[in-house]
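Notes for the one structure printed next.
Protein chains: 2
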Amino acid sequence: MTYQAPYKDMQLLVAQAYQQHGLDKLESLEGFDTDLANAVMEEAAKFASGVLAPLNQIGDVQGCRFEEGKVITPDGWKDAYRQFSESGWIGLALPETFGGQGLPKYIAQPVNEMWLSANLAFVMFQALAQGGSEILLKFASESLQARYLPNIVSGAWSVAMALTEPNAGSDLGALTTKALAQDDGTYKIKGQKIFITYGDHDLTDNIAHLVMARTPDAPAGSRGISLFIVPKYRVNPDGSIGGFNDVCCTGIEHKMGLHGSPTCSISYGEKDECVGELVGELNQGLMAMFVLMNEARLSCGLQGVALGELGYQSALEYAKERTQGTNEKGERVAIIEHPDVKRMLLDMRSETFALRSLGYQIAAQIDLADSNQNTALHARIALLTPIFKAFATERANVMAGQVVQVFGGMGFVEETGVAQIMRDARITTIYEGTTGIQARDLLMRKVRGDQGLALKALLCEIDDQAAKVEANSALSKTAEEIRHVVVKIRSLLDKALLGQEEDSLLGVSVPFLDAMGTLCCAWQLMNTVVLADDDIDDGYYQNLIAMVQFYGAFRLPTAMAALQTVESKSLGLQEYVF
Amino acid sequence: MTYQAPYKDMQLLVAQAYQQHGLDKLESLEGFDTDLANAVMEEAAKFASGVLAPLNQIGDVQGCRFEEGKVITPDGWKDAYRQFSESGWIGLALPETFGGQGLPKYIAQPVNEMWLSANLAFVMFQALAQGGSEILLKFASESLQARYLPNIVSGAWSVAMALTEPNAGSDLGALTTKALAQDDGTYKIKGQKIFITYGDHDLTDNIAHLVMARTPDAPAGSRGISLFIVPKYRVNPDGSIGGFNDVCCTGIEHKMGLHGSPTCSISYGEKDECVGELVGELNQGLMAMFVLMNEARLSCGLQGVALGELGYQSALEYAKERTQGTNEKGERVAIIEHPDVKRMLLDMRSETFALRSLGYQIAAQIDLADSNQNTALHARIALLTPIFKAFATERANVMAGQVVQVFGGMGFVEETGVAQIMRDARITTIYEGTTGIQARDLLMRKVRGDQGLALKALLCEIDDQAAKVEANSALSKTAEEIRHVVVKIRSLLDKALLGQEEDSLLGVSVPFLDAMGTLCCAWQLMNTVVLADDDIDDGYYQNLIAMVQFYGAFRLPTAMAALQTVESKSLGLQEYVF
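Protein sequences, first through last, are from chains A and B.
Using UniProt numbering, you'd call the opening residue of the first sequence number 1 and step up by one each time.
Using UniProt numbering, you'd call the opening residue of the second sequence number 1 and step up by one each time.
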């Protein structure tokens, strides 16, 4: 089982997103065109297949070890990290000022997808470096930036995000880690955090922890949270590394998946010797967190795409090789000849493709929004973010299950390697905000927040395109179905979505998100065909059309079903007493 | 996390199945009434919670070991097995002639459910003993029965089923293990088998392997398979144990789940010293396998119910204890107060309840069919079997995922114990015939085989009941929805189901099975309310109604969606070229 970047798909979708959002006309992106994108992707593909993918199963089997207070990563991790950072991949989309390459998101997106497919557990430090840097760029003082950013961008130091505490998971407002102001302007940090990805490891000389904590006089709840940068080893004024900063790893979790990624419990200031510096304003930590969260959610959605792709490749290869059963002539056939196996493969193929397209479109929109104050554009990104995060990861879980199913009994045997995909995928619908939290965000903030404005605009765009292709006989059935879904959502908007009492609405929030996700995927598949040249390569184009048809026939009906549930106003749910 | 048998639900559903199928009027079941059923269930519940459940996680963590050619079960397994067999649980539903207790299926069903919830990996020998005994009772000579059955029924010896070979999984016709007739009427067996549950272990003195093999002149394919009984140690004419029979375990699988259940590779006759005896007629092995298969499929469906229940109990307990977020008054609340968490819990609750009901009904129908040649009844059981097997196990996988989701990050941590449910559940849609194979069986044999007769009869029964309760305002919405689904299936019957070309039909076979499963669950929930006294206990009855409403609102629409897919004739699937 070896991962190969789906280069043809990526190239097509990157080019489409680039064109469709007019990035070619953007001054700020001069020089960052699709030729560059293709060159970068080609290099990344080699690295992903050659260096990262071979370590994926090793990481799963060995896992990280916790010995004498230290985390030891699996064999090969250190060397791969050195190659990864030396090749400049960490700073790919970070500013050139601090040593990065300043590439736009639309190019970083396919590259990140490759890392995530090849070795999700390994590469989790990458999103942390990216998100951490963006926080520092936005909120930290120049002095902090100067001392930290060059080291983070180069990969010399890694970043850890310390949010969760045993009693404060999704509910950050409940956290209790303390920050006590010192005379020199720094803070003494004291508290216990859990579930910190790469909170400790042996890959870098230092680790910059971004820690959420409270000062003694802070308001209760989430309005009293401040953000601190807390290095494992203190950082001297000149940026060099000083003494130990009383940041102790107390253990790592024994998890169902992602064995190669250390999930640490950290004790800050056990000996009252842990010093942090404030990032941004006091009690404004949540603002920084929102920056990180959006970043992290999009990255997490991309994990769904990446695991879907990895699973699909594995299942396809196996289904072509494994013979079982016979055809009408009595000849043994590969299991891909069995219609139900083919159905599972095309389900994975079309869903992954559609989700990839959605993610690339969002990335391109973010590039556009960076130099554009258009509120509709910002609202569109905000609307699509929870859908992409939750739907891509939920579907990745379903797809990972299908991969095992295609492998049959062999899939249940760990050595085969596909069980790992399923185990790894399981956390993606939980971290960075559970599916339920994304669904609440979608309905309460993104739909109700603007009285449905952004949603209506999205529906218009989808409907307009569907109306245009309805006459195209190959796409007409799916286009028609898409328009039905749009009509249905519109009919629910005033009464069910905007008008309904909160509790009964939240009971159907995940079905609503499912419907939106399914609609968006159908739209993306249709969009791809509309934008594609019909002479790309005959078979490929025909397959794009077949995917639109398949998605319309096999997946889109579930959107209508989910909307019927939305319409039910949680019938039975509120009546039941546990 | 401790499993407690859902005694109230079980008692209700057992009594309903007993009454509804007129088992009270059956002479052959005299003395086996619901009072006895309740007494047996009460004892079983204690054993399940007290002895088996505490070993479940131990089995997962330790797993079985393979050392020096021998399989060693986890700590506590041996003692639990001794207690289990000494208490007579193995022979519960086996004939009194051979030392069993001869209990009907309708009583064995809830008892088996308890074992499967409490410790699925441990108790897999039970279904093997049951299925193996039924094969011997039906096909074996008196001499074989006399030597083997008393030992199997008492639990002194266990049973193993040796079907699969590396190149013959779902496709038994491809197997190559050889059987060579000897002058004394026995056969020399030679071949390699894999995936043999409890193929070797340290719980009993002997293991009776039922081995599928071919004689040299046997026809190719599945018509040339014969069944042999091959003990690990030879069995003397008086039933005592003789010398080693050249049955060697060559290894056990390292699996994603069911760690406590040894999945063995066995080499028969490495030294040409492996002797077997024919069971039934030459080349008729598949007939015996069909007996076993039906038995195994129902037992496997019940595993789905059992894992659903175990997961539901765990999730409910956690959701009541774990606080996170606040209510309108700003008070911290248990996460069960969040509507989306409540939705997941009620989803598990209602689905498990409905599937349990379906399984108990099938069990009662089998008891009825044992003394009844009514072809409609036999056809009904045959129709429901693949639906129950595939749908219960598919839903169990979805539910197990929901359990982890309710636990959030803690669910991903192995120590919590719920990840095990998900890992264990994963094989249930694969073994005893994959979901795709069940769906093919449903459509090609059970629906097309009698030109839709049994399906029509089922739809009539469901529709009649829905029509009757449509006026009941609490159930009316769901009843109406049920009738729509029935109408839709009827409309598809001639053209889409009976008339369609095989390949395009098989592409939508799993969606069709899904629709049937969902419809059957809605029907079972409705049926429960119809049969229940409305004064059982006020809250309980009201909850039954709420479950019908919830299922109608949240799950039944997916049946319509799946039927729309069936109607699509696999659009796009046949066009796509991999």
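For every residue, glycine included, the Cβ atom is placed at its ideal position computed from N, Cα and C.
What you are looking at is a predicted structure, and each value in this text was computed from that prediction instead of being measured.
Val418 of chain A and Tyr3 of chain A have their C-alpha atoms roughly 12 Å apart. Taking 3 residues as the shortest admissible run, the region 149-207 of chain B contains the following complete beta strand (DSSP E) segments, listed from N- to C-terminal end: 157-162, 178-181 and 187-197.
At a Cβ-Cβ threshold of 8 Å, Gln62 of chain B and Asp75 of chain B count as neighbours. By the Cβ-count criterion, Pro511 of chain A is buried, with 16 or more other Cβ atoms from all chains shown falling within 10 Å of its own Cβ. From the listed residues B:Gln16, B:Trp77, B:Asp340 and B:Leu316, the smallest Cα separation to Gly436 of chain A is found for B:Asp340. Beta-bridge partners of Arg214 of chain A (DSSP): A:Lys178.
By the Cβ-count criterion, Pro237 of chain B is exposed, with fewer than 16 other Cβ atoms from all chains shown falling within 10 Å of its own Cβ.
Among the residues of the region 416-442 of chain A, those with a Cβ less than 8 Å away from any Cβ of chain B are Ala419, Met422, Arg423, Arg426, Ile427, Thr429, Ile430, Tyr431, Thr434, Thr435, Gly436, Ala439 and Arg440, in the order of the chain. The region 515-527 of chain B and the region 452-470 of chain B touch, with three or more beta-carbon pairs separated by less than 8 Å. Runs of the beta strand (DSSP E) lying entirely within the region 253-299 of chain B, each at least 3 residues long, are 263-268 and 275-279 in chain order. Counting along the chain, Glu394 of chain B sits inside the alpha helix (DSSP H) bounded by residues Thr375 to Phe407.
Separation of Asp246 of chain A and Val275 of chain A (C-alpha to C-alpha, rounded to the nearest whole angstrom) is 8 Å.
For Leu227 of chain A, the enclosing beta strand (DSSP E) begins and ends at Ser226 to Pro231. The Cβ of Asn472 of chain B sits no closer than 8 Å to any Cβ of chain A.
Neighbours of Ile489 of chain B in chain A, taken as residues whose beta carbon is under 9 Å from its own, are absent, since the nearest beta carbon is some 15 Å off. Look at Thr565 of chain A: its C-beta is under 8 Å from a C-beta on chain B. DSSP places Lys70 of chain A in the strand class (E or B) of the three-state scheme.
According to the DSSP assignment, Thr416 of chain A belongs to no alpha helix (DSSP H), since it is labelled neither H nor E.
In the DSSP assignment, Val333 of chain A falls within the unbroken beta strand (DSSP E) covering Arg332 to Ala334. In the three-state reduction of the DSSP assignment, Gln465 of chain A falls in the helix class. Note: Ile241 of chain A is bridge-paired with A:Val235 in the DSSP secondary-structure output. According to the DSSP assignment, Thr323 of chain B belongs to the beta strand (DSSP E) that extends over Thr323 to Thr326.
Residues of the region 490-518 of chain A whose Cβ lies closer than 9 Å to any Cβ of chain B, in chain order: Glu502, Asp503, Ser504, Leu505, Leu506, Gly507, Val508, Ser509, Val510 and Pro511.
Its Cα nearest to that of Tyr431 of chain A, the residue A:Thr393 stands out among A:Thr416, A:Val211 and A:Thr393. Comparing alpha carbon positions, the residue from B:Glu502, B:Ala474 and B:Leu103 closest to Arg445 of chain B is B:Glu502.
Taking C-beta atoms under 8 Å as the contact rule, Leu316 of chain B and Ala396 of chain B fail to qualify, at a distance of about 16 Å. When C-beta distances to chain B are compared with 9 Å, the residues of the region 340-370 of chain A below that value are Asp340, Val341, Lys342, Arg343, Met344, Leu345, Leu346, Arg349 and Ser350, in chain order. Annotation for Lys138 of chain A: the continuous alpha helix (DSSP H) segment containing it runs Lys105 to Phe139. Here Val487 of chain A carries a helix assignment [DSSP, helix/strand/coil].
Counting along the chain, the unbroken alpha helix (DSSP H) around Val341 of chain B starts and ends at Pro339 to Ala369.
Listed along chain B, the residues sitting closer than 8 Å to His254 of chain A by beta-carbon distance are Val413, Glu414 and Glu415. Not flagged as an interface residue toward chain B: His259 of chain A, since no C-beta distance is shorter than 8 Å. Counting along the chain, Ile536 of chain A sits inside no alpha helix (DSSP H), nor does DSSP assign it H or E at all. Below the 9 Å Cβ cutoff, chain A contributes no neighbours of Ile58 of chain B, its closest Cβ being approximately 15 Å away. Comparing alpha carbon positions, the residue from A:Ala174, A:Ile72, A:Ser117 and A:Asp202 closest to Ala213 of chain A is A:Ala174.
Check the Cα spacing between Glu67 of chain B and each of B:Gly251, B:Ala288, B:Leu278 and B:Asp494: the tightest is with B:Gly251.
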